[in-house]
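Since the structure comes first, as structure tokens, the remarks are kept for the end.
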Amino acid sequence: MNRGLILKFENLVQLRGACRQLRTLSYKKVYGAQWKPVQSSAHPVWSVLLYPQFWQKDKLISIALPQHRHLATKEETKKKKKKIPLSKGEVEIRQKMTIEELARAMGKDIDHIYEALLYTDVDVDSLEPDSILYEDHIKLIVKKSGMKYKSAKLKEEKERENTDAVKRPPADPAVLTPRPPVVTILGHVDHGKTTLLDSLRKTQVASMEAGGITQHIGAFLVHLPSGEKITFLDTPGHAAFSAMRARGTHVTDIVILVVAAEDGVMQQTIESIQHAKNAGVPLILAINKCDKPEADPERVKKELLAHDVVCEEFGGDVQAVNISALKGENLMVLAEATVALAEMLELKADSTGLVEGTVIESRKDKGKGPVTTAIIQRGTLRKGCVLVAGKTWAKVRFMFDENGKAVDAASPGVPVEIMGWKEVPSAGDEILEVESEQRAHEVVAWRTYVEQQERMKRDEEIIEAKQKEHRMEYEKKQQKLAHLTWRQRKAVLYKANKHLVFSRPKERTEMDKNVLSVIVKGDVDGSVEAILNILDSYDADGECKLDIIHFGIGDISETDLSLAEAFNGVVFGFSVKANESIKQLAAKKGIKVKLHNIIYKLIEDLKDELNSRLPPTVLENTLGEASVLNIFSVTVGKNKIPVAGCRVQKGLLDKKMKFKLIRNGDVIWKGSLSSLKHHKDDVQVIKTGMDCGLSLDKYIEFNIGDEIICYDEKEVQQTTSWDPGF
Numbered sequence: 001m002n003r004g005l006i007l008k009f010e011n012l013v014q015l016r017g018a019c020r021q022l023r024t025l026s027y028k029k030v031y032g033a034q035w036k037p038v039q040s041s042a043h044p045v046w047s048v049l050l051y052p053q054f055w056q057k058d059k060l061i062s063i064a065l066p067q068h069r070h071l072a073t074k075e076e077t078k079k080k081k082k083k084i085p086l087s088k089g090e091v092e093i094r095q096k097m098t099i100e101e102l103a104r105a106m107g108k109d110i111d112h113i114y115e116a117l118l119y120t121d122v123d124v125d126s127l128e129p130d131s132i133l134y135e136d137h138i139k140l141i142v143k144k145s146g147m148k149y150k151s152a153k154l155k156e157e158k159e160r161e162n163t164d165a166v167k168r169p170p171a172d173p174a175v176l177t178p179r180p181p182v183v184t185i186l187g188h189v190d191h192g193k194t195t196l197l198d199s200l201r202k203t204q205v206a207s208m209e210a211g212g213i214t215q216h217i218g219a220f221l222v223h224l225p226s227g228e229k230i231t232f233l234d235t236p237g238h239a240a241f242s243a244m245r246a247r248g249t250h251v252t253d254i255v256i257l258v259v260a261a262e263d264g265v266m267q268q269t270i271e272s273i274q275h276a277k278n279a280g281v282p283l284i285l286a287i288n289k290c291d292k293p294e295a296d297p298e299r300v301k302k303e304l305l306a307h308d309v310v311c312e313e314f315g316g317d318v319q320a321v322n323i324s325a326l327k328g329e330n331l332m333v334l335a336e337a338t339v340a341l342a343e344m345l346e347l348k349a350d351s352t353g354l355v356e357g358t359v360i361e362s363r364k365d366k367g368k369g370p371v372t373t374a375i376i377q378r379g380t381l382r383k384g385c386v387l388v389a390g391k392t393w394a395k396v397r398f399m400f401d402e403n404g405k406a407v408d409a410a411s412p413g414v415p416v417e418i419m420g421w422k423e424v425p426s427a428g429d430e431i432l433e434v435e436s437e438q439r440a441h442e443v444v445a446w447r448t449y450v451e452q453q454e455r456m457k458r459d460e461e462i463i464e465a466k467q468k469e470h471r472m473e474y475e476k477k478q479q480k481l482a483h484l485t486w487r488q489r490k491a492v493l494y495k496a497n498k499h500l501v502f503s504r505p506k507e508r509t510e511m512d513k514n515v516l517s518v519i520v521k522g523d524v525d526g527s528v529e530a531i532l533n534i535l536d537s538y539d540a541d542g543e544c545k546l547d548i549i550h551f552g553i554g555d556i557s558e559t560d561l562s563l564a565e566a567f568n569g570v571v572f573g574f575s576v577k578a579n580e581s582i583k584q585l586a587a588k589k590g591i592k593v594k595l596h597n598i599i600y601k602l603i604e605d606l607k608d609e610l611n612s613r614l615p616p617t618v619l620e621n622t623l624g625e626a627s628v629l630n631i632f633s634v635t636v637g638k639n640k641i642p643v644a645g646c647r648v649q650k651g652l653l654d655k656k657m658k659f660k661l662i663r664n665g666d667v668i669w670k671g672s673l674s675s676l677k678h679h680k681d682d683v684q685v686i687k688t689g690m691d692c693g694l695s696l697d698k699y700i701e702f703n704i705g706d707e708i709i710c711y712d713e714k715e716v717q718q719t720t721s722w723d724p725g726f
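Each residue of the sequence shown is one higher than the one before, counting from 1 in full-length UniProt numbering.
Given below as structure tokens:
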């Protein structure tokens with residue numbers, strides 16, 4: 001029995017030794033992996049444990065090594081896929097790293113970085129995982145984490161090759177051929193520009209428009225009886241569309257300035273003259289509505305002299321034609337004057353080689369997809385051509401003229417509608433033809449890269465300015481709390497911020513009630529641009545913040561409603577539609593969708609929304625005034641209550657209304673009366689000239705000469721001080 005116990009004891013001792021050996025082997029990283037006991041069919045682990053006396057140290061190592069090799073292969077494969085740096089040791093840092101990159105470099109999660117940032121002057125609430133941290137903050141985070149840092153070797157980034165597309169050199173004059181003149185019609189709102197074009201091309205555009213305002217630019221080719229062709233650009237006359245008129249003059253050869261004979265020179269007339277001068281384009285004056293009795297063409301010509309527009313009869317070089325667009329009078333005279341001026345200008349272009357042009361307008365058609373109206377300025381556009389404009393490209397699928405008829409080719413000076421764009425380009429973008437789709441991808445990639453670099457540079461400047469501002473605020477706060485202990489500082493900061501910590505989401509949205517988030521959708525790029533230009537002039541952020549969370553072209557979609565729901569916003573649509581399902585969904589979610597065809601009505605509606613976000617102003621209406629002539633006190637129970645003997649000087653005192661006590665011009669109390677008596681009788685109203693005794697709902701001692709004011713309050717809705725300019 002004793003021998004059996006001794007054998008068991010020896011087995012246990014040897015078992016302990018074997019376990020130690022195995023533990024020692026597990027700490028050594030053989031082939032880069034930790035050892036884990038895995039049963040082997042050749043040498044089972046249980047046999048080692050039961051019969052340790054038959055296994056020597058080298059045998060144990062020979063068992064462990066194959067297991068190490070087997071595990072090391074899998075571990076190495078995993079590490080190749082995902083390399084996680086050790087949490088101890090040195091961390092490679094760069095001058096600028098995102099929070100995500102730093103967490104990865106340290107082998108920590110993002111929350112750890114946020115915790116470390118609490119010890120810095122960085123505003124943690126404004127940070128995202130892709131926010132950039134600077135070197136001083138990175139070093140501090142690494143130190144706070146008990147780690148060391150070393151600067152990573154900077155890789156010299158090769159300068160990216162410029163792969164942009166550019167215009168061709170000027171063509172040889174020998175290959176130039178005559179082209180139609182591009183004529184822009186400019187003028188004030190409702191002076192008859194669209195009616196003039198309507199008469200020229202025999203269509204009914206004006207009757208379809210809202211409020212007599214051309215809602216976006218159009219380009220049309222007009223065939224005259226003489227066989228001549230003229231390309232007309234029609235631009236909106238409204239003040240909001242200044243940028244679109246400027247674009248029109250940029251691609252034009254001649255400007256026809258339409259002025260109503262009875263109205264004379266107006267604001268947009270002056271602006272149109274300035275656009276023509278800036279573009280260096282000659283003018284032809286069309287004095288419209290000459291059939292009206294109050295028409296005075298001579299007054300118009302004289303008014304234009306003040307703006308350096310000198311007609312031929314006054315010794316200048318500007319042709320003036322009296323017309324009636326509505327009745328079609330003298331339109332051929334105007335067309336002949338345009339052709340004559342075009343001949344003098346000798347307008348020619350190269351119709352060979354790669355195409356060059358300009359986007360006049362762009363929109364997203366439900367059936368056709370992204371569509372642009374363009375003027376070809378060089379080369380001949382055909383189906384299959386690969387075009388680049390801005391940061392998008394197109395392989396031309398179809399082309400249409402101004403009447404919607406498909407065309408196979410478009411030569412210089414001819415307006416054409418182009419289908420096949422991948423995205424909607426911006427109005428005013430330059431169109432360039434490239435050799436292949438691969439080349440188009442290169443051009444778009446380069447332009448996107450350049451824009452990203454510029455944006456990064458701007459963002460860095462903004463971030464640096466914000467961080468500097470926040471650092472200064474942080475230092476000021478620290479200086480104020482410098483005399484306190486760390487416990488006291490913590491208590492002060494907690495009291496200052498606890499209302500934000502414990503506020504519910506609903507309460508937080510109420511705090512941001514004076515923010516109007518808007519989504520703007522328009523029919524074409526120029527319309528959206530015009531609306532955004534107006535909203536850029538918003539200067540009343542102190543009253544209500546205006547936040548444009550999204551804008552684009554096309555009808556109202558579910559995505560727009562989702563954004564509006566997320567930001568508690570309003571969707572504004574200009575010359576677009578919302579189908580029944582969208583309207584029902586908006587009504588179900590309580591989202592406002594406001595559709596307009598006239599731009600100033602849209603802006604008025606937006607102003608109403610801004611006004612609704614403003615808190616109401618409380619106005620005080622004085623009902624009566626009384627003077628304190630005597631003071632005394634009345635004992636009620638154990639309390640003494642001050643009582644004022646008063647005489648009503650003006651109006652009346654009504655016990656149900658609000659009162660205030662004024663002493664030496666200062667309001668020292670506001671509230672209600674606890675009692676109002678006349679000759680010891682409780683009363684509700686005291687009129688002018690009557691005496692009374694009154695006490696307040698709060699213990700305040702009166703002085704002789706104090707004034708008691710009776711008033712009521714009325715809430716009045718505030719209106720925004722923003723003036724969009726029309």
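By construction, the Cβ of each residue, glycine as well, lies at the ideal position given by its N, Cα and C atoms. Since the structure is predicted, the reported quantities are computational estimates derived from the model, not experimental observations.
Would you mind stating whether residue i and residue j have Cβ atoms separated by less than 8 Å?
| i | j | result |
| --- | --- | --- |
| Lys607 | Gly573 | no |
| Ala586 | Leu561 | yes |
| Leu694 | Ala644 | yes |
| Leu595 | Leu516 | no |
| Val333 | Asp253 | no |
| Ile603 | Ile534 | yes |
| Asp350 | Ala171 | yes |
| Glu262 | Lys289 | yes |
| Ala491 | Asp429 | no |
| Val251 | Gly192 | no |
| Leu653 | Cys692 | yes |
| Tyr711 | Thr635 | no |
| Val576 | Asp525 | no |
Rounding to the nearest angstrom, what Cα-Cα distance links residue i and residue j in this structure?
| i | j | result |
| --- | --- | --- |
| Ala626 | Arg613 | 38 Å |
| Thr195 | Leu345 | 27 Å |
| Trp722 | Val570 | 19 Å |
| Arg363 | Ala374 | 12 Å |
| Thr338 | Val300 | 20 Å |
| Ala64 | Val91 | Residue confidence for Ala64 is low, a pLDDT of 38 falling below 50, so the modelled location carries little weight; the figure read from the coordinates is stated next. Those two C-alpha atoms are separated by around 34 Å. |
| Ile185 | Leu432 | 26 Å |
| His216 | Ser131 | In this predicted model, His216 has a pLDDT of only 44, less than 50, meaning its place in the structure is not dependable; the value taken from the coordinates is given anyway. Distance between the alpha carbons of His216 and Ser131 is about 40 Å. |
| Thr24 | Gly107 | Low per-residue confidence applies at Thr24: pLDDT is 47, beneath 50, and the placement is therefore not dependable enough to give any value. |
| Ser537 | Ser199 | 37 Å |
| Ala206 | Ser426 | Per-residue confidence for Ala206 stands at a pLDDT of 40, beneath the threshold of 50, marking its modelled position as unreliable; the derived number appears in the next sentence. Approximately 26 Å between the Cα atoms of the pair. |
| Thr719 | Lys601 | 17 Å |
| residue 731 | Asn703 | Outside the shown range of the chain, which is 1 to 726, sits residue 731, and nothing can be said about it. |
| Gly353 | Arg458 | 39 Å |
| Glu461 | Ala174 | 51 Å |
| Thr203 | Gly542 | Bear in mind that the predicted position of Thr203 carries a pLDDT of just 40, short of 50, making it unreliable; the figure below should be weighed with that in mind. One C-alpha to the other measures close to 49 Å. |
| Gly227 | Ala409 | 19 Å |
| Lys656 | Glu115 | 56 Å |
| Leu304 | Gly315 | 13 Å |
| Glu580 | Gln684 | 58 Å |
Please name the residue, chosen from the options, that lies closest to residue i on a Cα-to-Cα basis.
| i | options | result |
| --- | --- | --- |
| Glu356 | Leu341, Pro370, Val310, Ile376 | Ile376 |
| Lys583 | Met266, Ile556, His223 | Ile556 |
| Ile708 | Ser674, Arg663, Val685 | Arg663 |
| Glu713 | Thr635, Asp691, Thr617 | Thr617 |
| Lys405 | Met419, Val321, Ile110, Trp393 | Met419 |
| Glu464 | Ile93, Asp123, Ala530 | Asp123 |
| Leu221 | Val259, Leu257, Pro180 | Pro180 |
| Ala394 | His470, Val443, Gly353 | Val443 |
| His137 | Thr120, Leu127, Asp125 | Thr120 |
| Lys167 | Leu673, Ile548, Leu387 | Leu387 |
| Ile360 | Ala260, Pro370, Pro415, Asn597 | Pro415 |
| Val265 | Asp296, Asn278, Thr392 | Asp296 |
| Ser272 | Ala260, Ile287, Ile256 | Ile256 |
| Asp697 | Gln717, Gly665, Leu661 | Leu661 |
Just to check my reading of the structure: residue i and residue j have Cβ atoms closer than 8 Å, yes? What is that Cβ distance to the nearest angstrom?
| i | j | result |
| --- | --- | --- |
| Leu341 | Pro412 | That pair is no contact at about 18 Å. |
Complete runs of the beta strand (DSSP E) confined to the region 322–405 [at least 3 residues]: Given a length threshold of 3 residues, each whole run of the beta strand (DSSP E) inside the region 322–405 is given here in chain order: 356–365, 369–378, 386–389, 392–400.
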